[in-house]
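Enquirer: Structure in structure tokens, see below.
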Amino acid sequence: MSEAHGAPMEERPLSTRLEEAETLKTLGNDQYGKKNYSVAITHYIDAISRLPARIDDGQGQEGEEEEGNEGGDQGGASSVSKTEDAEASTSTTDAPPKSTEPTRTITLEEHLLSDETIQLRVKLYANLAACHLKLEQYDDTIKASTEVLAEEPNNVKALHRRAVAHEKLGGWAHLNSSLEDYKRLEKLDHEGYVPTAFQPELKASLARLPPLVAAEGEREKTEMMGKLKTLGNNVLGYFGLSTDNFQMQQQKDGGYSLNFVK
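Going by my numbering, the first residue of the sequence shown is number 11, and it counts up by one from there.
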């Protein structure tokens with residue numbers, strides 16, 4: 011879709027831009043249903059470009075998610091909800107959105123259409139995350155899910171998708187982030203927001219991740235110490251020394267002393 015009469019996007023009526031975004035979302039949903047995820051992504055991104063930048067207005071909003079996306083997401087996203095049509099029953103918000111965009115002045119039209127804009131933005135980013143997860147594009151899954159959570163911090167599907175993507179990427183930081191998202195889901199489960207069908211997977215993830223996080227932390231620490239030792243040996247080698255000439259001993263007060271050994 012081209013901009014009418016060459017007018018910059020931000021100068022066009024928001025109502026027109028929302029209509030175009032809805033049309034693009036429908037096209038994206040159609041491609042999603044046909045499993046043409048890459049094509050669907052282009053439609054969703056084009057639709058998002060029609061919307062004004064997100065603003066931190068200090069007020070939480072609620073919206074629907076993933077309208078028209080048929081079938082469950084690979085990687086467990088389908089277990090959060092029976093359909094991809096609407097998420098109002100499993101999505102709540104109790105914290106203000108945090109915008110990464112610079113502060114700007116909003117128009118009266120934007121103010122009047124703010125709820126509609128937010129709901130559409132949430133749907134688009136949710137659908138975008140679903141496509142990226144299908145394509146195993148985990149970094150992009152995390153980014154899109156985080157955009158959803160900026161508007162709806164307690165969005166169950168977005169938290170789950172992001173947790174799945176973090177675990178798939180691996181490494182201590184990602185595994186720990188995955189665990190944190192699952193802990194947030196556990197809290198939402200206690201509040202009654204997590205579907206019963208998802209509870210077994212949630213319980214399994216909470217049991218599986220802690221030892222993985224601990225093991226990966228130890229592995230990365232050992233790897234880092236090895237690199238530091240190699241670096242130290244390279245420097246000390248000029249003086250005929252190595253890190254083996256230095257020993258650390260723990261003191262009674264809990265500190266350490268460094269002793270030179272010939």
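Glycine included, every Cβ here is placed at the ideal spot set by N, Cα and C.
Find the nearest neighbour of residue 198 within the set 167, 218, 252 and 50, judged by alpha-carbon distance.
Expert: One-based indexing of the sequence shown puts residue 198 at position 188. Ranking the options by Cα distance to residue 198, first place goes to 167.
Enquirer: Taking the alpha carbon of residue 144 as the reference point, which residue from 178, 127 and 200 has its own alpha carbon closest?
Expert: If you number the sequence shown from 1, residue 144 lands on position 134. Minimum Cα distance to residue 144 is reached at 178.
Enquirer: Is the CB-CB distance between residue 135 and residue 157 below 7 Å?
Expert: The residue you call residue 135 lines up with position 125 of the sequence shown. The residue you call residue 157 lines up with position 147 of the sequence shown. Yes; because the gap between Cβ atoms is below 7 Å, this pair is in contact.
Enquirer: Quick check on DSSP: helix, strand or coil for residue 147?
Expert: Here residue 147 is taken as the residue at index 137 of the sequence shown, counted from 1. DSSP places residue 147 in coil when its eight states are reduced to three.
Enquirer: Alpha carbon to alpha carbon, how far is residue 152 from residue 263? Give it in angstroms, no decimals.
Expert: Taking the sequence shown and counting its residues from 1, one reaches residue 263 at position 253. Taking the sequence shown and counting its residues from 1, one reaches residue 152 at position 142. Using only the alpha carbons, I get a separation of about 44 Å.
Enquirer: Restricting to Cα atoms, I'd like to know which of 165, 55 and 176 is closest to residue 147.
Expert: Looking up residue 147 in the sequence shown gives position 137. The residue with the shortest Cα to Cα distance from residue 147 is 176.
Enquirer: Just how far apart, CA to CA, sit residue 222 and residue 236?
Expert: Counting from 1 along the sequence shown, the entry for residue 222 is found at position 212. Counting from 1 along the sequence shown, the entry for residue 236 is found at position 226. Their Cα atoms are separated by approximately 21 Å.
Enquirer: Looking only at its chain, what residues have a beta carbon closer than 7 Å to the beta carbon of residue 220, apart from the 5 residues adjacent to it on each side?
Expert: Along the sequence shown, read from residue 1 onward, the residue named residue 220 stands at position 210. Cβ neighbours of residue 220 beyond the five flanking positions: 189.
Enquirer: Ignore the nearest five residues each way along the sequence and tell me which others in residue 243's own chain have a CB closer than 6 Å to its CB.
Expert: Taking the first residue of the sequence shown as 1, we reach residue 243 at position 233. Correct list, in chain order: 252 and 253.
Enquirer: Can you tell me whether residue 243 is helix, strand or coil according to DSSP?
Expert: Reading the sequence shown from its first residue, position 233 is the one you call residue 243. In the structure shown, residue 243 sits in a helix (DSSP, three-state: H, G or I).
Enquirer: Quick check: the Cα distance between residue 22 and residue 63, rounded to an integer number of angstroms?
Expert: Your numbering for residue 22 matches position 12 in the sequence shown. Your numbering for residue 63 matches position 53 in the sequence shown. The alpha-carbon atoms of residue 22 and residue 63 are separated by roughly 14 Å.
Enquirer: State the Cα-Cα distance for the pair residue 130 and residue 36, rounded to the nearest angstrom.
Expert: Reading the sequence shown from its first residue, position 120 is the one you call residue 130. Reading the sequence shown from its first residue, position 26 is the one you call residue 36. In a straight line, the C-alpha of residue 130 is about 12 Å away from that of residue 36.
Enquirer: Kindly indicate the opening and closing residues of the alpha helix (DSSP H) around residue 262.
Expert: Taking the first residue of the sequence shown as position 1, residue 262 is located at position 252. From DSSP, residue 262 is part of no alpha helix (DSSP H); its letter is neither H nor E.
Enquirer: Can you check whether the CB of residue 192 is closer than 7 Å to the CB of residue 216?
Expert: Taking the first residue of the sequence shown as 1, we reach residue 216 at position 206. Taking the first residue of the sequence shown as 1, we reach residue 192 at position 182. Cβ atoms of residue 216 and residue 192: closer than 7 Å.
Enquirer: Between residue 259 and residue 271, what straight-line distance do the alpha-carbon atoms span, to the nearest angstrom?
Expert: Mapped onto the sequence shown, residue 259 falls at position 249. Mapped onto the sequence shown, residue 271 falls at position 261. Straight-line Cα distance between these residues: approximately 12 Å.
Enquirer: Mark residue 201 as exposed unless 16 or more other C-beta atoms lie within 10 angstroms of its C-beta, in which case mark it buried.
Expert: Within the sequence shown, numbered from 1, the residue matching residue 201 stands at position 191. Label assigned to residue 201: exposed.
Enquirer: Within this structure, are the beta carbons of residue 212 and residue 195 separated by less than 7 Å?
Expert: Here residue 212 is taken as the residue at index 202 of the sequence shown, counted from 1. Here residue 195 is taken as the residue at index 185 of the sequence shown, counted from 1. Against a cut-off of 7 Å, the Cβ pair of residue 195 and residue 212 comes out as a contact.
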